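Visitor: Just so you know, we're using my numbering here: the sequence shown kicks off at 67 and counts up by one.
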Amino acid sequence: MSQSRRMSLAETLANTGSGMLLSWMIGLVVYPLFGFAVGGGQALALTAIFTVVSVARSYAWRRAFERFRRS
Numbered sequence: 067m068s069q070s071r072r073m074s075l076a077e078t079l080a081n082t083g084s085g086m087l088l089s090w091m092i093g094l095v096v097y098p099l100f101g102f103a104v105g106g107g108q109a110l111a112l113t114a115i116f117t118v119v120s121v122a123r124s125y126a127w128r129r130a131f132e133r134f135r136r137s
C-alpha cells in the first residue's frame, strides 16, 4: 500500500512539528552553554528555520523512497 503525497506531507509535518517544541526548549538551555545569549524569540526563530529545512528534507526523502519502491 502506497502513501499519497498529501499523507506523506502530513506525516512529516506531524513528526517534525512535534519535535519543534522540544527543540525550542532544548535550545533555550543549550545555546547559552555554547556562549550564545539568545532570548525566547530568537531561539524560536532558529528552531523554525531548522524545522522548515527538516520538513523539506524528510518530505524529499520519503517521496524518493516511494518512487524507488514503485520501480
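Here a beta-carbon is modelled for each residue, glycine too, at the ideal position from N, C-alpha and C.
Since we're looking at a predicted model, the values are computed, not measured.
1. Under 8 Å by Cβ, that's how I've got Gly93 and Leu112 pegged, so tell me the actual separation to the nearest angstrom.
2. Hey, Arg128 and Ser74: beta-carbon distance below 9 Å or not?
3. First and last residue of the alpha helix (DSSP H) that includes Ser74?
4. In angstroms, rounded to a whole number, what distance separates the CA positions of Gly83 and Phe102?
5. Select from Thr117, Ile115, Met91 and Val118 the residue whose C-alpha is nearest the C-alpha of Gly105.
Guide: Concretely, from the data shown:
1. On the sequence shown, residue 93 is found 27 positions in, with the first residue counted as 1. On the sequence shown, residue 112 is found 46 positions in, with the first residue counted as 1. About 6 Å; that satisfies the 8 Å criterion.
2. As a working mapping, residue 128 is identified with position 62 in the sequence shown. As a working mapping, residue 74 is identified with position 8 in the sequence shown. Contact: yes.
3. Against the sequence shown, residue 74 aligns to sequence position 8. That run of the alpha helix (DSSP H) goes Arg71 to Leu99.
4. Stepping through the sequence shown from its first residue, residue 83 is reached at position 17. Stepping through the sequence shown from its first residue, residue 102 is reached at position 36. Rounded to whole angstroms, Gly83 to Phe102 spans 24 Å at the Cα level.
5. For this step, residue 105 is matched to residue 39 along the sequence shown. Nearest of Thr117, Ile115, Met91 and Val118 to Gly105, Cα basis: Met91.
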